[in-house]
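Quick note on the working numbering: the sequence shown kicks off at 27 and runs consecutively.
We treat Cβ as the ideally placed atom computed from N, Cα and C, and that holds for glycine.
No experiment lies behind these values; they were computed from the predicted model shown.
Shown next, in structure tokens, is the structure this report addresses.
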Amino acid sequence: MPTIAPDVEVLARFGRALADPIRCRLLLALREAPAYPSDLAEALGVSRSRLSNHLACLRDCGLVVTVPDGRRTRYELADERLGHALDDLRTAVVAVASDRTCPDAGTKGCC
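What follows is the structure, encoded as structure tokens:
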């Protein structure tokens, strides 16, 4: 069981990245195609400084990387499998939410 701690850390980083709606929107945008910060800020309707903070978080989590492009820097997912993981996670959460097999779902709002 020595791999549990690293696995938990990886999942915690992923959870931290998904904990903010703007970061989720960034990941979904980058799932579609690499992009420049100015284009991302415009598409998401956020200031460049706010976007920069969120991109830094995603870089620190290891989910996005920068690619120099002349004088500009382009952002993309660190691995194409992240795009598939986001799709799988979204699909699974929607499926579970529509299932509502938890007996307390209606009264406690759980599950």
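Under 6 Å Cβ to Cβ from residue i, same chain only, skipping five residues before and after it: list those, please.
i	result
Ala43	Arg49, Leu84, Cys87 and Leu89
Leu70	Arg51
Val122	none
Tell me whether residue i sits in a helix, a strand or coil according to DSSP, three-state version.
i	result
Ala61	strand
Leu103	strand
Asp114	helix
Arg98	strand
Can you give me the Cβ contacts of residue i inside the same chain, cut-off strictly under 8 Å, excluding the 5 residues immediately before and after it?
i	result
Pro63	Arg74, Leu77, Ser78, Leu81, Thr99 and Tyr101
CB-CB under 7 Å to residue i, same chain, minus the five flanking residues each way: which ones, in chain order?
i	result
Leu56	Val90, Tyr101, Glu102 and Leu103
Leu112	Leu53, Leu54 and Arg57
What do you get for residue i, buried or exposed, if any count of 16 or more other CB atoms within 10 angstroms of its CB means buried?
i	result
Ala67	buried
Leu54	exposed
Met27	Model confidence at Met27 stands at a pLDDT of 49, short of 50, so the residue's coordinates are unreliable; what they give is reported in the following sentence. Burial call: exposed.
For chain E, is any of its Cβ atoms less than 8 Å away from the one on residue i?
i	result
Thr117	Going by chain labels, chain E is absent from the structure shown, which holds only one protein chain.
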